[in-house]
Amino acid sequence: MRIVECFLSLSRSLDFSHQGLMHHHRRTALIAAKLGRAIGMDSGELLALMQAALIHDIGVITWQEKLELFDLDIKSPWEHCLRGEKLLRANRSLQHLAGVIASHHDRWSGNNPSGIKGAHIPLHSRIIHLADRMDILINDEINILEQKAWIMKTLHGLRGIIFDPDLMDTLDDLAMHDEFWFDLVSPWEAYILRSMAPISHIPLQLEFLSDIAQLFAQVVDAQSPFTNQHSQGVALLSRFVGEQLGLSPEELEQLEIAGLLHDLGKLSVPTEILEKPDRLSATEFNIIKQHPYYTYWLLKPVTQVFPLADWAAFHHERPSGNGYPFGKCDDELDLQSRIVTVADIFAALHEDRPYRPSMSWDKIASTLKNLVQQGELNNYLVASLLDNRSLVNQVWESL
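Going by the working numbering, 350 is the number at position 287 of the sequence shown; the sequence numbering is gapless.
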């Protein structure tokens, strides 16, 4: 599996909004890639550009913040840039993208927090800035060719102020061709991006997948203070249970990745639902129930490495068949899926929630044992946690 495929799949989670699932990151990456190729970037530069463009808004936390970024000239756009830079700077495999993300809203004319302007702004940042602002001007309800004159006029009004003049000249050349515009609204955007991706035979290493899983877990957990360590906790508890069962080092690494990404689909849930202090309405619970479904399909393209989608997304399934959203039964749930489920429930009970405080160990143990008696969890997996209280507490305290 290629690295770009991984970015394409996981970055899709960043485009959930009140308007539904948008195309912003993919479309920005497509425009950026076309600009990069047009100015003669080599394959390594182009790959880094596409990666950065696909996660350029990784520092955005709330849906409200995402909505504000759809104003053309944002008054103060740098908070999410610096937040994204911090996430990437601490990531072993993605450090090289940190500076690009930090400056992807820097204005050509200056007055930027970075203190740089003009050609001193990283080229990748300048390209992503132009591509990003171009995308937010596109109205999917209107034929794209009927918009191009207005879009280009709007962007030219910011030439030399917000945008690199030379890149605007390059965009002018690209914009002369109808194909350029049709690609931007094409239902085959992912295929087009894959076809443009260089270095097509670089395999996806488990170490890289682990690093990008860490990144997205941090994004998911940042959605609410009630979940600020949840994905990390599920990942470490899953690894702990796997160790008790004698899984191999590679299987343990895979299991931890599944734990990190199990709630990726929760980026589809509005913050006001995640933090509601009262009982959820039927409509709100139906929205919550979508999240493992989205986790599954976001991760499905990554399952060429191992069954990541199953292990991560089945954490609300139950051996009794009473779970959701897939209604899987006992013989349809493999060991790793069951492990992540037990880890997820334990972590949730151990954490504060808007509607209750965290539970004591005895209350957690009682709850898990009741679920075993009801046929909802496997006894030997629950026992692997409850019989190792001191070690489990050490795992939790390490967060």
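All C-beta atoms, glycine included, are put in the ideal place defined by N, C-alpha and C.
At a cut-off of 4 residues, the continuous stretches assigned as alpha helix (DSSP H) that sit fully inside the stretch 280-312 are 293-307.
When DSSP states are grouped into helix, strand and coil, PRO355 belongs to the helix group.
Residue state for LEU84 is assigned as strand, using DSSP reduced to three classes. Annotation: ALA182 is outside any alpha helix (DSSP H) and is labelled neither H nor E by DSSP.
With a beta-carbon spacing of about 6 Å, HIS325 and ASP407 fall inside the 8 Å limit used to define contacts. Going by beta carbons, GLU338 and SER294 fall outside the 8 Å limit. Here PRO250 is not bridged, per DSSP, to any residue. One Cα belongs to PRO250, the other to MET85, and the distance between them is close to 12 Å. Burial state of TRP360 is exposed, judged by a 10 Å Cβ sphere holding fewer than 16 other Cβ atoms.
For PHE70, the enclosing alpha helix (DSSP H) has its first and last residue at 66-74. Look at the stretch 366-435 and you find these whole runs of alpha helix (DSSP H), each 4 residues long or longer: 371-376, 398-413. Per the coordinates, the alpha-carbon of ALA372 lies some 15 Å from the alpha-carbon of GLU68. Relative to the Cα of ILE255, the nearest Cα in the group ASP169, THR91, GLU306 belongs to THR91.
Counting the other CB atoms within 10 Å of its CB gives ALA280 a total of 16 or more, which places it among the buried residues. In this structure, PRO340 lies near PRO417, with their beta-carbon atoms less than 8 Å apart.
DSSP lists no beta-bridge partner residue for PHE133. Distance from GLU252 to LEU110 at the Cβ level is roughly 18 Å; contact not present, criterion being Cβ atoms closer than 8 Å.
Around the beta carbon of GLY296, 16 or more other beta carbons lie within 10 angstroms, which makes this residue buried.
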